[in-house]
Structure formats: C-alpha cells, structure tokens
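Peer 1: Following this message is one structure expressed as structure tokens.
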Amino acid sequence: MEYTSGVVVTTRQGLGRVLQATRAFSPGDLVLREQPLMCYINAVPHSVLNAFMTMSAEEQQQVLDMRKLQFGETAHFASCERRMGELEPMARCVAEERMHASGLQGRRLRDDLFRTAYDLHSVTNLNHRRMADLPWQKDDLERLKAQLPPGYPASDEEITHGAVFRLASRAVPACVPNCVSTTQNPYNYMSYYAAHPIAAGDLITIALPRSGAGRPTATLEWWEQLARVRDAVCTCAKCTGPDVMCGVKCARCPNGVVTPMFTPPQPHERELPKLEDAAWRCDACGAAPERAALAAQLAEAARMEARASTLADPRQLPIKSLSKLAVDELKELRHLLWRAGMELCGSHRIVHIVMRGMAMLQESQSRMNLGVIVDIPHAAEYGAAQLQDAATLTLMELELAECAAAGCARRGQVFGCPRMHPVAAGQLDITRIALRIIGALRDPAAYIRKQKEETGGADVARLARYVPLLACAYGESHDAELAAAALLDLPPPRCADAPPPRCPMCLHYLRRGAETYTSGGGSGGAPAAVKAAAMAAVVAAGALLKCGGCGLVAYCSRDCQRQHWKKCHKAVCKVLAAKAGNHSGHSRGGSTGSGGSAMT
C-alpha cells in the first residue's frame with residue numbers, strides 16, 4: 001500500500017534535507033503514502049525510548065540519522081534553544097528509569113542512555129507528525145491517561161499518538177502548502193495528496209497544526225511557532241511578501257493599505273524580527289507611513305485584537321452574558337468588524353478572530369435555544385436563525401482564509417471579495433465546520449438555494465471546491481463528504497489510489513468474525529512482502545458488505561448498517577445512487593425490515 005516513487009530526498013540551502021517531487025502531479029493525485037518509521041505516544045517521555053529499543057539496528061540508525069540537535073549543539077533560534085533545554089532533564093529522567101527497570105548500573109551506560117534519549121527527543125521534536133487514532137487506539141490512550149500520576153504536566157490534548165517517517169517527515173512546512181496531509185486515509189499511514197499542480201523538481205510542502213484555533217496566522221506568529229518547534233522559518237513568497245493580516249489603512253491615499261514585509265533572519269541572527277522592524281509600504285501609492293502615526297495605528301489595532309479575542313471565546317464570557325444570548329458581545333464584535341474594515345483592512349487578523357468568534361457564539365446560542373431553553377416563546381425559531389447565521393459566517397470565514405493565503409488585502413471589503421482565489425489547502429478544518437453546521441440546519445437544501453440566490457452561488461461554488469480535498473483527507477466514503485456531494489449536487493467523491501474501505505460506524509475494514517488485521521508502525525515483525533500478502537488474503541476473506549443502494553459505503557455487519565442508516569445514510573443514499581447511475585441497484589436494495597438499504 002506504500003507509494004514512495006514520486007518523491008526523493010534532496011538538499012536545499014537553508015532548509016537541509018527536504019522532499020522533492022520526481023514527476024508532475026495534478027490536484028487530487030497521491031504524492032506519497034508511507035508507514036511510520038517509529039511510533040510513540042507524544043508527551044509521555046519514556047514512550048519514545050521504549051519504541052526505539054524494540055526496533056532493528058538498521059531502523060534505529062535511520063531514526064538517529066534524521067534531523068536533530070545533539071546535546072550541547074547550539075540551535076539557530078533562541079526560542080528553539082530554550083525548548084531544547086527542556087529536553088535535558090526529561091532525557092536524564094528517562095535514562096534513570098530505564099537503568100532502574102533493567103537493573104543496570106554504571107556511569108558510562110547511564111551517560112550513553114541519556115545521550116540516546118536526548119537524541120530521540122530531539123528527533124521527535126523536529127520531525128514529529130501526529131497520528132489519527134482508531135477507536136480502539138483511543139481506548140488504549142484513555143487507559144494510559146488513567147494510569148498517569150495526578151498533576152502530570154501534559155494535558156489530554158497533548159497525549160496523542162505520534163510518529164516520525166523516513167520521507168514524510170522531510171516535507172517542508174508552508175503557510176500555503178501544495179499538499180494535503182492525512183493519517184486517516186488510510187489510518188496508520190501518512191498520505192500526501194496534491195492540492196495544487198506540482199511540477200517535477202518542486203518541493204513537497206504541507207501545513208502543520210497551528211495555534212489560533214486553526215485560523216490563518218500572520219507571518220510573525222507563524223515564524224515564532226516554526227522557530228520554536230522546527231528551528232527554521234518559512235521563506236515562501238507569501239511570508240517574504242506583504243503581510244495583509246497586519247495591514248492598516250494608508251493615511252496618504254484614499255484606498256491604499258499599508259502592509260509590512262519581513263526579511264528572514266540571517267544565519268547569525270538568533271531572534272526573530274519585530275513588527276516595527278518590517279519595511280512598511282502602501283500597496284496603492286507605494287509611500288512609507290510616518291512612524292509616529294503608524295505606531296499609533298498599531299497600538300490601537302493591538303487593543304482591538306485583545307478585545308476581540310476576549311469576546312470571541314465563549315469560555316471567557318460570564319454566565320450572565322450567555323443567558324442573555326450574548327447580545328451585547330455580538331453587537332461589540334460587529335462594531336469591531338466595522339472598525340477593522342474602516343481603519344485597518346478586510347484581511348486583518350482581527351477580522352478572522354471576529355468571524356470565528358461570532359460563528360461560535362451563534363452556534364452555541366443556537367444549541368441553547370434548540371435544546372435547553374424550551375420554555376421561551378419562539379426559542380426554536382431563534383435557534384434555527386442563529387444556526388443559519390453561524391453557517392453564513394463560516395462560509396465568509398472560508399473566503400477570508402483564501403484571501404489571506406493569496407495575499408489579498410480586501411480593501412474595504414470585510415463582507416466579500418469579488419475575486420475567486422485558489423483553495424487554501426491548509427484550512428480544511430473551516431470547510432468541515434461549515435459542512436457540519438449546514439448539515440445541522442432544518443433544511444440544508446433550502447439554505448444552499450438561498451445562498452445561490454443571494455450571493456450568485458460564489459460561496460457554494462467555493463465550498464464545493466474543497467469536497468475532493470476532503471475526500472483525500474478523510475476517505476471517499478466519509479459521511480461528511482457523501483453528505484456534501486448530495487447537498488451540493490456533486491458527483492460522488494473519488495480518491496486516487498483509495499485504500500480498502502472501512503465500516504463508517506466502527507471503522508473496521510473486515511467483516512465481523514474475520515481475522516483481525518491492523519497495520520502497525522514500521523518497526524520489527526515480518527518483511528513487508530509477507531505482510532502485504534497476508535493482508536491481501538485476510539481482506540479477500542473478510543471483505544465488507546457494500547450498501548445495496550448507492551454502493552459507496554460498506555459495513556462489517558447488519559447492526560452497523562442499521563445504525564448508520566438511521567444516523568445519516570438514509571438522507572443521502574437515494575440521491576447518491578442516482579448520481580452514480582445506480583437506479584436499478586437502489587430499487588433492488590430499497591428499504592428492508594431492519595430500516596436500512598440492503599447490502600450486497
């Protein structure tokens with residue numbers, strides 16, 4: 001199932017060993033699929049050394065050959081140096097625990113174990129990729145968390161499965177990536193799918209999880225994250241060009257936006273530049289702003305951003321505000337949105353914060369009205385309207401993310417941009433949120449029709465462009481993608497080099513009672529050819545049963561099929577069957593006595 005012939009490791013100045021395409025790829029093509037070299041549990045220090053000790057000598061050497069900072073080696077950036085300093089006591093503790101558990105003694109052995117543990121944590125710090133969990137793997141993590149001592153320094157969100165890869169870990173983090181990365185299609189592998197055209201010789205770039213609740217980040221914020229965890233910064237055209245997320249209105253011309261441009265730090269510079277160090281220029285008249293006036297604008301923007309961040313987080317709002325439907329907070333957020341458009345620019349990061357915050361508040365208030373406040377007249381109508389507003393705001397947020405990725409300042413256009421920019425491959429989470437909210441509406445189809453009438457279909461067309469990428473990231477038979485295809489009148493999603501399907505309810509990919517087969521990490525066990533042959537035999541013996549209606553989903557049992565039918569598949573099966581040209585199959589399947597479509 002691995003595919004690695006489309007890429008090669010090469011060296012680029014300033015980036016080190018990176019991944020490069022050996023041929024051209026079109027959007028949706030599989031670029032790379034690879035099993036982990038080493039799997040571990042993130043934020044549990046001894047897990048990395050334990051995993052390393054079970055590997056063969058050849059695999060251990062491959063791990064140690066990956067990019068790392070050895071003990072005593074100076075990092076480029078001071079923030080990474082501080083982070084590496086946190087690894088020393090952790091590595092010493094791990095080595096001591098290993099010595100004690102094994103009954104070993106000796107200073108030299110202890111020092112060797114410490115250096116190995118330090119190198120391993122350095123490797124995982126610079127090459128870590130998070131792995132998605134299957135249900136039974138989540139259960140294992142929960143059991144582990146229950147065994148940890150009270151006050152353990154890591155949070156539940158940090159304790160996750162992680163891995164390093166021979167090739168995939170060498171992809172370059174970018175703010176405008178050319179690939180979508182996923183460990184869910186299939187699970188236990190890292191897959192890269194092309195999001196934009198890639199030419200032979202191009203670097204393979206991916207998005208990394210960012211701070212800021214998944215929204216786009218300004219250049220300095222992005223550099224700070226990369227410098228700390230990767231000891232590098234992004235030098236793409238967007239990062240070295242005008243940063244529209246920090247833009248302010250030009251005081252010299254009526255329509256211009258003054259934006260900063262940052263110079264990447266030189267090899268001898270250990271600190272990142274500050275906002276005031278940037279070269280500020282107007283995108284219309286080309287003039288540089290007067291420094292005192294610019295400082296005043298930036299100070300006011302910082303105050304607005306701090307206030308917006310407080311208002312946009314429902315967890316920080318008092319109960320009194322939530323019980324009053326957050327009317328005052330929403331009003332103030334709208335005012336901040338208006339001010340950002342007038343005083344800053346339509347792509348400023350304040351606009352991103354406000355859009356996401358308003359959508360979250362509207363959705364949370366909708367849940368209260370639809371599910372909790374049942375004694376208030378017209379509560380259900382209020383809740384439905386609030387959920388619809390949340391959907392509209394999320395669609396606007398997706399448009400805003402595309403503008404930020406394209407470097408569009410949206411002059412005076414807080415609520416719309418006349419241009420259709422390329423997809424923002426690093427912002428699939430916004431698309432998933434939009435589809436989830438739209439799917440929860442009383443009449444999603446009516447909402448889509450209304451959007452087409454009011455906006456000329458631009459928002460719907462924009463959303464539809466992301467469905468093929470979602471199919472790459474989560475699988476072509478994923479509930480959200482199938483629902484989106486039915487709702488947006490799209491062909492059933494197809495994924496290049498699709499792996500064997502999984503049951504949508506329990507995520508098993510074999511029939512109940514068949515021999516269990518799980519693809520493990522890359523270490524130990526039988527040779528790859530033997531594993532592949534064994535997997536093929538097991539899959540053939542226990543193949544899932546396809547839905548007799550649309551034929552696009554498959555189940556491990558009738559019990560899972562009935563649950564899935566009631567949960568969501570009933571609403572889309574007939575539409576998908578018609579799109580797939582499977583009318584006769586659907587009529588044969590029909591509705592069974594168990595309340596779902598038959599299986600073939």
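Okay, so the sequence shown: first residue is 1 according to UniProt numbering, each after it adds one. Where is the CB? At the ideal position from N, CA and C, for every residue including glycine. These numbers were taken from a predicted model, which means no experiment stands behind them.
Pull up the distance between the alpha-carbon of K274 and that of R82, whole angstroms please.
Peer 2: Computed Cα separation, rounded: 19 angstroms.
Peer 1: Taking the alpha helix (DSSP H) that P89 falls in, what are its first and last residues?
Peer 2: It spans A78 to S102 - the alpha helix (DSSP H) in which P89 sits, taken as one unbroken run.
Peer 1: I'd like to know whether the C-beta atoms of R129 and G151 end up nearer to each other than 8 angstroms.
Peer 2: Taking 8 angstroms as the Cβ cut-off, R129 and G151 do not qualify as a contacting pair.
Peer 1: Starting from N188 and walking both ways along the beta strand (DSSP E), at which residues does that stretch end?
Peer 2: Unbroken beta strand (DSSP E) run through N188: Y187 to A194.
Peer 1: Which residues bound the alpha helix (DSSP H) around V180?
Peer 2: Taken as a continuous stretch (DSSP letters only), V180 belongs to no alpha helix (DSSP H), being part of the beta strand (DSSP E) at C179 to Q184.
Peer 1: With respect to the alpha helix (DSSP H) encompassing M342, which residues constitute its N-terminal and C-terminal limits?
Peer 2: Unbroken alpha helix (DSSP H) run through M342: V327 to E343.
Peer 1: Contact between the region 24 to 39 and the region 137 to 144: three or more CB pairs below 8 angstroms?
Peer 2: Too few Cβ pairs lie closer than 8 angstroms, so no.
Peer 1: Taking C-alpha atoms, which residue in L336, P491, L463 and A401 lies nearest to E476?
Peer 2: Ranking the options by Cα distance to E476, first place goes to P491.
Peer 1: Please go through the region 108 to 138 and give each complete alpha helix (DSSP H) segment of 4 or more residues, from N-terminal end onward.
Peer 2: Counting only runs of 4 or more, we get nothing.
Peer 1: Three or more beta-carbon pairs under 8 angstroms between the region 223 to 243 and the region 405 to 412, yes or no?
Peer 2: Taking 8 angstroms as the limit for Cβ pairs, the verdict is that the region 405 to 412 does touch the region 223 to 243.
Peer 1: Could you check which residue in C285, A404 and A543 has the C-alpha nearest to that of C253?
Peer 2: Checked all of C285, A404 and A543; the closest Cα to C253 is C285.
Peer 1: Can you give me the C-alpha to C-alpha distance between Q13 and M396, rounded to a whole angstrom?
Peer 2: Near 39 angstroms, if we compare the C-alpha coordinates of M396 and Q13.
Peer 1: On the DSSP bridge list, what partners appear for R33?
Peer 2: According to DSSP, R33 bridges with Y3 and S191.
Peer 1: Name the one or two DSSP bridge partners that K452 has.
Peer 2: Beta-bridge pairing links K452 to no other residue.
Peer 1: Distance, Cα to Cα, G6 vs P468?
Peer 2: Spanning the two alpha carbons is a distance of roughly 21 angstroms.
Peer 1: Among A43, E221 and T217, which residue has its Cα nearest to the Cα of S155?
Peer 2: The shortest C-alpha separation from S155 is found at A43.
Peer 1: Report the three-state DSSP secondary structure of H352 (helix, strand or coil).
Peer 2: Residue state, collapsed to three classes: helix.
Peer 1: If you follow the alpha helix (DSSP H) that M505 is in, where does it begin and where does it stop?
Peer 2: Unbroken run through M505: none, as it is neither H nor E.
Peer 1: T259: buried (16+ other C-beta within 10 angstroms of its C-beta) or exposed?
Peer 2: Result: buried.
Peer 1: Can you give the Cα-Cα distance for G426 and T4, rounded to whole angstroms?
Peer 2: Roughly 22 angstroms between the two C-alpha positions.
Peer 1: Going straight from the alpha carbon of M420 to that of D313, what length do you get?
Peer 2: In a straight line, the C-alpha of M420 is about 30 angstroms away from that of D313.
Peer 1: Look at Y474 and Q184 and say whether their C-beta atoms are less than 8 angstroms apart.
Peer 2: Yes, the Cβ-Cβ distance between Y474 and Q184 is below 8 angstroms.
Peer 1: Roughly how far, in whole angstroms, is the beta-carbon of V63 from the beta-carbon of R170, given that I think they are within contact range, below 8 angstroms?
Peer 2: That belief does not hold up - the Cβ atoms of V63 and R170 are roughly 13 angstroms apart, past 8 angstroms.
Peer 1: Please report the straight-line C-alpha distance between S587 and A578, rounded to a whole angstrom.
Peer 2: Residue confidence for S587 is low, a pLDDT of 37 falling below 50, so the modelled location carries little weight; the figure read from the coordinates is stated next. Answer to the nearest angstrom: the Cα atoms are 11 angstroms apart.
Peer 1: Helix or strand or just coil, what does DSSP make of H161?
Peer 2: Residue state, collapsed to three classes: strand.
Peer 1: Just verifying my parser: in three-state terms, what is the DSSP assignment at V48?
Peer 2: Helix at V48.
Peer 1: Could you name the residues that DSSP lists as bridge partners for Y382?
Peer 2: Looking at the DSSP assignment, Y382 forms no beta bridge with any residue, so it has no partner.
Peer 1: Over the uninterrupted alpha helix (DSSP H) stretch that includes Y474, give me the two end residues.
Peer 2: Counting along the chain, the alpha helix (DSSP H) containing Y474 begins and ends at V467 to Y474.
Peer 1: Taking its Cβ as the centre, do 16 or more other Cβ atoms sit within 10 Å of S181, making it buried, or is it exposed?
Peer 2: Buried, since its Cβ has 16 or more Cβ neighbours within 10 Å.
Peer 1: Within the chosen definition, does the region 498 to 508 reach the region 556 to 563 through at least 3 CB pairs nearer than 8 angstroms?
Peer 2: With the cut-off at 8 angstroms, the region 498 to 508 and the region 556 to 563 touch.
Peer 1: Would you report the Cα separation of A384 and S366, rounded to the nearest angstrom?
Peer 2: For A384 and S366, the distance between alpha carbons rounds to 7 angstroms.
Peer 1: Put P173 into one of helix, strand or coil per three-state DSSP.
Peer 2: Reduced to three states, the DSSP call for P173 is strand.
Peer 1: In the structure shown, what three-state DSSP assignment does T11 receive?
Peer 2: Reduced to three states, the DSSP call for T11 is strand.
Peer 1: Taking the alpha carbon of Y192 as the reference point, which residue from Q362, A461 and G28 has its own alpha carbon closest?
Peer 2: Among Q362, A461 and G28, the Cα nearest to that of Y192 is on G28.
Peer 1: State the DSSP-derived secondary structure class of T518, mapped to helix, strand or coil.
Peer 2: The predicted model places T518 with a pLDDT of 44, which falls under 50 and marks its position as unreliable, so this point remains unresolved.
Peer 1: Can you have a look at W338 and say buried or exposed, based on whether 16 or more other CB atoms are within 10 angstroms of its CB?
Peer 2: That one is exposed.
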